[in-house]
Every structure is written in structure tokens, then in C-alpha cells.
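Student: Residue numbers (my numbering): 313 to 708.
Quick one: the structure is below, questions incoming.
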Ligand code: GLA
């Protein structure tokens with residue numbers, strides 16, 4: 313059912329606005345965003361939709377249609393909530409209120425209108441925990457609709473940064489900017505090269521011709537994923553501090569080359585192995601993305617795909633954020649002539665692999681892997697053939 317009808321059924325009045333915000337894939341450039349490196353994401357054909365209407369009693373009523381849950385909270389005094397989906401909404405509401413308070417005089421009308429409260433309902437088809445950034449899509453959808461409703465005039469980049477802050481402060485994950493950036497800035501059939509240091513970005517058409525992007529969802533959602541994610545981030549920061557002892561001008565791993573990693577952090581010993589390996593991976597990956605974009609520009613998808621496999625090896629052996637199920641799926645297609653590239657995608661410890669597979673072979677490969685995966689892990693593999701779509705936008 314469309315989101316406006318859902319809203320009407322739930323709240324008994326018609327919403328004022330409706331918005332759709334997509335999930336994302338990332339072709340290459342993993343765990344590079346919070347190291348000021350490059351990423352190459354795109355928005356996909358899976359999305360979150362929200363609809364909104366105004367209240368006058370200072371409350372915020374949120375209905376998650378897919379979960380059948382509704383929660384009412386006063387809009388004053390927002391703080392992190394025990395229910396995680398609520399945090400994705402109130403986390404960005406909090407950012408807006410804070411920002412409006414900072415420049416209260418100019419935005420008095422918007423702030424007082426917003427503090428009257430609103431009803432919001434939400435639904436979507438992005439599988440959660442699959443590494444497709446459903447939480448970022450919720451945050452971006454809510455921010456975008458508030459931006460429209462209260463005429464806040466935020467740019468997409470401002471909204472991406474606010475959503476990232478919400479994730480840090482309300483969801484407890486010290487994520488980078490990629491997911492929110494991609495959800496908001498996506499364009500049909502294009503990938504976006506984002507320089508996470510300067511925040512400059514450029515669109516590249518992804519011409520796949522006889523190939524498709526296929527996501528293979530392990531159905532594994534590791535509880536440790538967010539704490540391990542935060543640990544990786546810390547290890548990279550520790551690496552930077554060690555490198556700064558010799559190269560004081562270095563601000564992040566983006567400024568570091570392979571030789572500097574070797575001389576300042578290597579060789580691996582039992583005590584420094586982790587920091588050395590994490591930094592080695594990041595520096596190699598930042599270089600790899602830049603080379604991969606050159607492949608893309610000249611249409612050499614064979615070379616591009618090879619780099620995806622290299623990224624996977626780095627994520628498994630050096631960054632150690634893969635898991636046996638992800639490795640199994642990548643290994644299974646590594647030497648298949650119909651597969652240009654494959655790797656785990658996103659934060660890791662479960663979720664999906666991203667694969668570039670010849671269209672004519674997708675069915676056979678999916679069938680074969682589904683049966684092998686079931687035999688080995690007693691779990692059913694979920695296969696999504698995905699397409700690249702526009703970013704967050706208003707719905708009619
Ligand atoms: C998660 C984070 C992103 C990014 C990826 C890894 O999706 O939210 O910011 O760090 O992991 O590339």
C-alpha cells in the first residue's frame with residue numbers, strides 16, 4: 313500500500329508530504345570513508361518511505377508500519393530511546409532542533425512550528441542488517457521531509473552530515489558519511505565518487521551492458537558488528553598517531569602511503585599486528601578506488617572487477633571484518649568466468665556480497681550458490697538483482 317494511504321489509515325487524516333529515500337550499494341572503497349579516503353556508492357531500488365502531518369500538542373507520534381508499532385513522545389527533551397528504530401527518527405529530529413536553536417533568531421518560525429509536534433509513518437523494503445543502510449535511509453527520509461515541511465533550506469550535504477551525527481549520538485555507531493551521502497545524492501544508473509576529505513564528489517555512469525549487479529545476502533547479522541566497527545575506527549586512529557611521530561603533517565590515513573605504513577608500523581609482531589594490518593588495508597584500498605575509477609572511465613570492467621576481489625582479500629585478511637559465510641560466497645565465484653568481481657560489502661560481519669555477474673548466468677549461479685549455501689550453513693541465501701536509482705525525493 314502506498315505511504316500516503318498508510319498514513320491516512322493509521323492517523324485518520326491525509327498527510328501533508330511523502331518522501332522516499334533509498335538504500336545503497338558500494339562498488340569499491342570499504343572502511344575508507346572515516347579515514348578521509350574515497351568511496352564509490354550508488355542508491356538502489358530498495359527504499360524507505362515516510363509521510364508526515366502536523367500536530368499541535370507538542371508530541372511526536374511515530375508509526376513503523378512494517379513492525380506494527382507506534383510510539384508517542386514529547387518533542388521537548390529528546391534523548392536516545394531503548395527502541396532502535398525510534399532512534400533513527402528522533403536522532404535526526406534532535407539534530408534539527410539543535411541546529412535551529414543555534415541560530416534561533418533567523419529560524420524562530422520554523423522552530424516553533426516544529427515544536428508543535430508531528431505524526432510520521434514509515435515503511436520500506438530494505439532488509440535490515442543486510443548492509444544496505446536501511447538506518448541511513450530512515451534518517452535521510454525523515455530529515456528530507458522535515459526540511460521540506462518546515463522550509464529549513466538545508467543542502468543535501470548538510471543533511472548527510474546531520475544524519476551521520478544522529479547515527480553517532482543516537483544509534484551508537486561511529487559510522488562514516490558514505491551511507492547518508494549516497495542515499496541523498498544518488499542518481500539513476502550512476503555511481504558517485506566521494507572524496508571524504510574534501511567532500512567533493514563526481515558522478516560516473518555505470519555501463520554494465522550484459523552484466524548485472526547481484527547482491528547475495530548471507531542472512532547473517534552479527535551482534536558484534538557495531539562494536540567491532542568502532543574498534544576498527546580506533547585502530548586506524550591509533551595507527552595515525554604512531555605515524556605522526558615521524559610524519560607530523562599526517563592528519564588521517566588518506567595522507568599516508570604504503571612505504572610510510574611499512575616503516576612506521578611494520579613489520580607485524582603479535583603486539584602491533586592489528587594496527588599495522590588495518591592501516592595497510594586502508595592505504596591500499598584508498599589507492600585501489602582511485603585506480604578502479606580509472607578502469608570505470610575507460611570501460612575496463614574486467615580490471616574493475618579484479619579490484620573488487622582484491623578488496624575482499626584485504627577485508628578478510630588485513631581488516632578482518634569478513635566472516636566464513638561471506639568468504640564462502642566470494643570464493644565460490646572467484647574463478648567463474650561469468651563473474652567480473654565480487655566482495656563483501658559494507659561494515660562486514662554478515663550482510664551481503666556484491667557481485668557483477670553476466671545477465672545470462674545470474675539464474676544458474678544463484679541456483680547453484682543457494683543450494684551450496686544451504687548444504688553448508690543450513691541457511692537460505694537471499695538473492696537480489698539490483699538497479700541504481702535516484703536518491704531521496706518527494707513522492708507525488
Ligand atoms: C558502514 C558505515 C559506513 C562505512 C561502511 C564500510 O556501512 O555506515 O560509513 O564505513 O560501513 O565501508
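From the three backbone atoms N, C-alpha and C, an ideal C-beta is built for every residue, glycine too.
Just checking my contact of residue 674 with residue 526 at CB under 8 Å: how many whole Å lie between their CB atoms?
Tutor: 6 Å
Student: Let's see if you can read the secondary structure: which residues bound the alpha helix (DSSP H) around residue 346?
Tutor: Taken as a continuous stretch (DSSP letters only), residue 346 belongs to no alpha helix (DSSP H), as it is neither H nor E.
Student: Go ahead and pull the three-state DSSP assignment for residue 367.
Tutor: coil
Student: Suppose the cutoff is 8 Å on Cβ atoms and the five residues either side in sequence are ignored; what does the same chain contact list for residue 398 look like?
Tutor: If we look at residue 398 and ignore the five residues flanking it on each side, its Cβ neighbours are 374, 383, 385.
Student: In the DSSP assignment, what are the bridge partners of residue 502?
Tutor: 499, 517
Student: Based on Cα-Cα distance, which residue from 493, 478, 607, 642 lies nearest to residue 403?
Tutor: 478
Student: Assign residue 419 to buried or exposed, taking buried as 16 or more other Cβ atoms, counted over all protein chains shown, within 10 Å of its Cβ.
Tutor: The residue in question, residue 419, is buried, as its Cβ has 16 or more Cβ neighbours within 10 Å.
Student: Hey, would you say the C-beta of residue 399 is under 7 Å away from at least one heavy atom of the ligand GLA?
Tutor: no
Student: Using the rule of at least 16 other Cβ atoms within 10 Å of the residue's Cβ for burial, across every protein chain shown, is residue 313 buried or exposed?
Tutor: exposed
Student: Please confirm if the region 330-344 is in contact with the region 491-511, defined as three or more CB-CB distances below 8 Å between the two stretches.
Tutor: yes
Student: Which residues count as close to the ligand GLA when the rule is a CB under 5 Å from any of its heavy atoms, in chain order?
Tutor: 342, 343, 345, 487, 488, 490, 491, 658, 659
Student: Using the C-alpha atoms, what's the distance from residue 703 back to residue 319?
Tutor: 22 Å
Student: Just the C-alpha distance for residue 647 and residue 507, rounded to the nearest angstrom, thanks.
Tutor: C-alpha of residue 647 to C-alpha of residue 507: approximately 32 Å in a straight line.
Student: With a CB to CB cut of under 6 Å and the five nearest residues on each side skipped, what residues in its chain are close to residue 542?
Tutor: Here the set comprises 486.
Student: Relative to the C-alpha of residue 271, which residue among 611, 551, 363 is closest?
Tutor: Here the chain covers residues 313 to 708 and nothing more, so residue 271 does not appear.
Student: DSSP three-state call for residue 480: helix, strand or coil?
Tutor: helix
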